[in-house]
Amino acid sequence: MMEITNIYTAKGEPLPGGVEHKTILTSGDRLQCLYYKVPFNPEKDVMDGAHPHPAEIVYFVLDGEVEVNINGESAILKKGDAMLIPFNAVMGTKALSSTPVETLAVASPNLFRERQKAEEDHNH
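Below is the structure:
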């Protein structure tokens, strides 16, 4: 059975700093697709909140402009750009455009599987 989800109408959860976060699709432990909408904050440093990601990630910019720092190396990504983020890379981001930056991240393995398992157990 095909699973279809609209990134704009899917339910999400707010993160600190006004960031909108949604898990769009998952495939068990293997794969996860995430949507983020990040507001512009001129006082945020690109490494504020930076942390390692225990997955390989394909990172797409759907709208806006964002600085991405991977293991100490920075790049500016714009609408339509994609980047491969290596396994366990320390990643930080900063929105550069005055309008919110929208990104899609496809991660393997699933970054949040343990949290999802706990939620599933709680709901049954």
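Anchor point for the sequence shown: position 76 equals 69 in the working numbering, and the numbering is continuous, going up by one each time. For every residue, glycine included, the Cβ atom is placed at its ideal position computed from N, Cα and C. Please read all numbers here as calculations on a predicted model, not as lab measurements.
Extent of the continuous beta strand (DSSP E) to which E66 belongs: Here the beta strand (DSSP E) through E66 covers E66 to K71.
M(-6) versus L18 - alpha carbon distance: Roughly 14 Å separates the two Cα atoms.
What is the DSSP secondary structure of G85, counted as helix, strand or coil? Of the three classes helix, strand and coil, the one that applies to G85 here is strand, per DSSP.
Residue(s) in a DSSP beta bridge with H46: In the DSSP assignment, no residue is bridged to H46.
So what's P79 in DSSP terms, helix, strand or just coil? Three-state DSSP puts P79 in coil, outside helix and strand.
Work out the CA separation of Y28 and L55 for me, nearest whole Å. Those two C-alpha atoms are separated by around 10 Å.
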